[in-house]
Amino acid sequence: MSYTDTPLIEVRGLSKSYRRQPVLTDLDLTLPSGIHALLGPNGAGKTTLVNILSTLIPFDRGEVRVLGLDVRRDRKRLQGMISLTGQYAAVDGALSGMENMLMMGQLFGLSRRDAKRRADVLLDRFDLTAAAGKRVSTYSGGMRRKVDIAASLIASPRLIFLDEPTTGLDTRSRQALWDEINALAASGTSIFLTTQYLEEADVLAERILVLDAGRIVADGTAAQLKERVGGSTIQLHDDAGHIVETLPTHGSADDLARQLARIAERRPDVSVTVRKPTMDEVFLELTGQAPADTATKEVAR
Ligand SMILES: Nc1ncnc2c1ncn2[C@@H]1O[C@H](COP(=O)(O)OP(=O)(O)OP(=O)(O)O)[C@@H](O)[C@H]1O
Ligand SMILES: [Mg+2]
11 MSYTDTPLIE VRGLSKSYRR QPVLTDLDLT LPSGIHALLG PNGAGKTTLV
61 NILSTLIPFD RGEVRVLGLD VRRDRKRLQG MISLTGQYAA VDGALSGMEN
111 MLMMGQLFGL SRRDAKRRAD VLLDRFDLTA AAGKRVSTYS GGMRRKVDIA
161 ASLIASPRLI FLDEPTTGLD TRSRQALWDE INALAASGTS IFLTTQYLEE
211 ADVLAERILV LDAGRIVADG TAAQLKERVG GSTIQLHDDA GHIVETLPTH
261 GSADDLARQL ARIAERRPDV SVTVRKPTMD EVFLELTGQA PADTATKEVA
311 R
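Residue numbers for the sequence shown follow the numbering used here, so the first one is 11 and each next one is one higher.
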């Protein structure tokens, strides 16, 4: 197998329990290089999987290879090739934002000059330039999170794990992170991120994995997941905008033309829209739960 054919991540029969409680059950997964999003409700096992892939925690059964290396046997070597930013900010409060960045740069073997140059760019991208010289212990929660994320992007290892990187970030910083992730991916770094935001998975990832109760319940592109849940529908609306009828369609021009001709004849009084399922609907269908961000919006209403 040539170097480039080696899967980014290869998992066979992975199981992990905490005491007697199974968290991951007989998981299989093969991913090529690129950006991958792991989506799942609270407690699905996302952090557990990321921590296993990044060599942080042990597991009970199965085989796990990352960048072609066995996470148990080649742990030390692998650790030099990946970076992980955990779900909770892990920055040193006694150091300034800049010092945290430089420390991370040093850890990845960047020269001080390169680290400084990259840190300046990233601190600016995340609106932290003014605060860069202040101790992180004086930062807000969101600012700490941003330094943590920015620091994780300072070098370009082969693979970066980000566990819910945008939770708690404002819209601007979320966009900045998306841009940085895309730039890193374009330069050859792979990204494996977890998220509860369907929109994020949709925007960033070539491939989306949906984890629910320790099992992968769906795996594909956003379009494929939408397809699985059911194709597009034709909706007929009355004058007041109420839906009077919903018809399934596989969306081809042929099928649409045929159905629209029939509707025009039978119901000239209605207006028509064609819609694809939203990612929220996909998530609900696959896991039986609304995603966290939708649930919050519902409560707020
Ligand atoms: N150290 C631990 N000891 C015991 N149980 C644990 C431990 N860590 C995680 N669990 C359990 O494993 C399950 C999966 O947890 P995990 O943190 O992987 O979920 P998650 O998908 O990351 O959730 P969230 O979206 O809330 O971050 C949960 O039921 C959790 O209670
Ligand atoms: Mg988690």
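Just so you know, even glycine gets a beta-carbon here, dropped at the ideal spot from N, CA and C.
Since this is a predicted model, take the numbers as computed values, not measurements.
Is any heavy atom of ligand 1 found at a distance shorter than 7 Å from the C-beta of Ala100?
Position 90 of the sequence shown holds residue 100. For ligand 1, not one heavy atom lies less than 7 Å from the Cβ of Ala100.
Compute the minimum distance between the beta carbon of Glu2 and the heavy atoms of ligand 2, and state whether it is under 7 Å.
The structure shown does not extend to residue 2, since the chain spans only 11 to 311, so no value can be given for it.
Should Asp315 be counted as a contact of ligand 2 given a C-beta to heavy atom distance under 7 Å?
Residue 315 cannot be examined here, being either before or after the span of the chain that is shown, 11 to 311.
Considering just the uninterrupted stretch of the beta strand (DSSP E) at Lys26, what are its terminal residues?
Taking the first residue of the sequence shown as 1, we reach residue 26 at position 16. Residues 19-28.
Using CA atoms only, rank isn't needed, just tell me which of Leu37, Tyr28, Asp249 is closest to Ile67.
Position 57 of the sequence shown, counted from the first residue, corresponds to residue 67. Minimum Cα distance to Ile67 is reached at Tyr28.
Using only the alpha-carbon positions, how far apart do Thr58 and Thr297 sit?
In the sequence shown, counting from the first residue as 1, residue 58 sits at position 48. In the sequence shown, counting from the first residue as 1, residue 297 sits at position 287. Going from the Cα of Thr58 to the Cα of Thr297 covers about 18 Å.
Tell me the DSSP secondary structure of Gly230 in three-state form.
Numbered from its first residue, the sequence shown carries residue 230 at position 220. Looking at Gly230 - three-state DSSP - the assignment turns out to be strand.
May I ask which residues mark the beginning and end of the beta strand (DSSP E) holding Gln31?
The residue you call residue 31 lines up with position 21 of the sequence shown. Here the beta strand (DSSP E) through Gln31 covers 31-41.
Ignore the nearest five residues each way along the sequence and tell me which others in Thr304's own chain have a CB closer than 7 Å to its CB.
The sequence position of residue 304 within the sequence shown is 294, counting from 1. Reliability of the predicted coordinates at Thr304 is poor, the pLDDT of 42 falling under 50, and the value obtained from them is presented with this limitation in mind. Around Thr304: Asp290.
Does the contact criterion of 3 or more C-beta pairs under 8 Å hold for the segment 98-118 versus the segment 151-165?
Because the criterion of three Cβ pairs below 8 Å is met, the segment 98-118 and the segment 151-165 touch.
Rounded C-beta distance between Ile45 and Leu214? I'm assuming under 8 Å.
In the sequence shown, counting from the first residue as 1, residue 45 sits at position 35. In the sequence shown, counting from the first residue as 1, residue 214 sits at position 204. About 5 Å separates the two Cβ atoms, so the contact holds.
Of all Cβ atoms in chain D, is any one closer than 8 Å to the Cβ of Ala141?
Looking at the structure shown, chain D is missing, and only one protein chain is on hand.
Determine the direct distance from the alpha carbon of Phe136 to that of Ile185, and round the result to whole angstroms.
In the sequence shown, residue 185 corresponds to position 175, counting from 1. In the sequence shown, residue 136 corresponds to position 126, counting from 1. The sequence shown places Gln at residue 185, rather than the Ile named in the question. Taking the straight line joining both Cα atoms gives about 10 Å.
Given the structure, does Lys56 come close to ligand 2, in the sense that its CB is under 7 Å from one of the ligand's heavy atoms?
As a working note, residue 56 is residue 46 in the sequence shown. For ligand 2, at least one heavy atom lies less than 7 Å from the Cβ of Lys56.
For the beta strand (DSSP E) that Glu255 lies in, which residues bound it at each end?
What you label residue 255 is simply residue 245 of the sequence shown in a count that begins at 1. 253-258 is the extent of the beta strand (DSSP E) around Glu255.
Indicate, with yes or no, if ligand 2 has a heavy atom lying under 7 Å from the CB of Gln97.
Working through the sequence shown from its first residue, we reach residue 97 at position 87. Yes, Cβ of Gln97 sits closer than 7 Å to a heavy atom of ligand 2.
In terms of residues, what are the limits of the alpha helix (DSSP H) holding Arg87?
Position 77 of the sequence shown, counting from 1, holds the residue named residue 87. Its alpha helix (DSSP H) spans residues 85-89.
CB-CB under 6 Å to Val81, same chain, minus the five flanking residues each way: which ones, in chain order?
Residue mapping note: residue 81 aligns to position 71 of the sequence shown, counting from 1. The residues are Thr65, Val74.
Could you tell me whether any non-hydrogen atom of ligand 4 is closer than 7 Å to the CB of Tyr207?
Because ligand 4 does not appear in the structure shown, any question about it cannot be addressed here, the ligands present being ligand 1 and ligand 2.
Inspect the beta-carbon positions of Leu105 and Ala125 and report whether they are closer than 8 Å.
Against the sequence shown, residue 105 aligns to sequence position 95. Against the sequence shown, residue 125 aligns to sequence position 115. No, the pair does not count as a contact, with Cβ atoms beyond the cut-off.
Would you call Lys26 buried or exposed, if buried means 16 or more other Cβ atoms sit within 10 Å of its Cβ?
Position 16 of the sequence shown holds residue 26. Buried, by the Cβ-count rule.
DSSP beta-bridge partners for Trp75?
Sequence index remark: in the sequence shown, residue 75 carries index 65 (1-based). In the sequence under discussion, the amino acid at residue 75 is Arg, which differs from the Trp named in the question. BP columns for Arg75 point to Glu20, Asp80.
Taking the alpha-carbon of Gly107 as reference, which of Ala129, Leu88, Asn61 has the nearest alpha-carbon?
Taking the sequence shown and counting its residues from 1, the one referred to as residue 107 is at position 97. Closest option to Gly107, Cα to Cα, is Ala129.
Helix, strand or coil for Leu179 per DSSP?
For this step, residue 179 is matched to residue 169 along the sequence shown. If DSSP states are grouped into helix, strand and coil, Leu179 belongs with coil.
Provide the residue(s) that pair with Thr205 in DSSP beta bridges, ordered along the chain.
Reading the sequence shown from its first residue, position 195 is the one you call residue 205. Its beta-bridge partners are Leu49.
Once you ignore the five residues that flank Gln43 on each side, which residues in its own chain have a CB closer than 7 Å to its CB?
The residue labelled residue 43 in the question sits at position 33 within the sequence shown. Residue identity differs from the one stated: residue 43 is Ser in this sequence, not Gln. Excluding residues within five positions, the ones whose Cβ falls inside 7 Å are Leu18, Ser200.
Roughly how many angstroms separate the alpha carbons of Tyr207 and Pro51, rounded to a whole number?
Numbered from 1 along the sequence shown, position 197 holds the residue referred to as residue 207. Numbered from 1 along the sequence shown, position 41 holds the residue referred to as residue 51. Their Cα atoms are separated by approximately 10 Å.
I think Ile218 touches Leu235, with their Cβ atoms under 8 Å apart; what is that distance to the nearest whole Å?
Within the sequence shown, numbered from 1, the residue matching residue 218 stands at position 208. Within the sequence shown, numbered from 1, the residue matching residue 235 stands at position 225. Right, their Cβ atoms sit about 6 Å apart.
State the CB to CB distance for the pair Val390 and His247, rounded to an integer number of angstroms; the pair is presumed to be in contact (CB under 8 Å).
The chain is shown from 11 up to 311; residue 390 falls before or after that span and cannot be answered.
Can we count Gly23 as close to ligand 1, meaning its CB is less than 7 Å from some heavy atom?
Reading the sequence shown from its first residue, position 13 is the one you call residue 23. Answer for Gly23: no, Cβ out of range of ligand 1.
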